[in-house]
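A.B. asks: Just so it is clear: in the sequence shown, position 48 is 48 by UniProt numbering, and no numbers are missing.
Idealized CB from N, CA, C, for every residue including glycine.
Treat the numbers as computed from the prediction; the structure is a model and nothing was measured.
Handing you this structure, nothing more for now.
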Amino acid sequence: MSKIPIPKGLIEEPIEHAVDIIGKTFASDPFQRFCCMEEMKEAGTLDVPLEINTAIFREIICGLVENGGRCITVANSGISSVWTLDAVHDEYQANPAHPPWSTI
């Protein structure tokens, strides 16, 4: 069970709804294209195929939810988000999943 409270005015949404909305939203995202260059090359396209993009986000979103995240939206908005909590520490602690841009 997630420890993230849902603020007033927002609702928890089904994972599949989040996957559908986020997958479509970022289908033509330049960074997503960079991440999927090999798949695009194999498919002979300049766009990330929607089924590949959806599969990528399904894996990411399910992993976030399994680790306590929540899929949250404003009802009937067509917007989706996935919220996670990270521990707050007195000193910076690097997260291997999210490396800093610089180690200076």
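S77: buried (16+ other C-beta within 10 angstroms of its C-beta) or exposed?
C.D. replies: Classification of S77: exposed, given that the 10 Å Cβ count is below 16.
A.B. asks: Got a sec, what are the start and stop residues for the beta strand (DSSP E) T54 sits in?
C.D. replies: Taken as a continuous stretch (DSSP letters only), T54 belongs to no beta strand (DSSP E), being part of the alpha helix (DSSP H) at 50-66.
A.B. asks: From the DSSP output, which residues share a beta bridge with V82?
C.D. replies: C71
A.B. asks: For my contact list, I61 and V82 are in at a C-beta cut-off of 8 Å; report their separation, rounded to the angstrom.
C.D. replies: 6 Å
A.B. asks: Can you name the residues that DSSP bridges to I11?
C.D. replies: T73
A.B. asks: Taking the CB atoms as reference points, tell me whether T73 and I4 lie closer together than 8 Å.
C.D. replies: no
A.B. asks: Relative to the C-alpha of E51, which candidate in H98, D20, P96, F31 has its C-alpha closest?
C.D. replies: Of the candidates H98, D20, P96, F31, D20 places its Cα closest to the Cα of E51.
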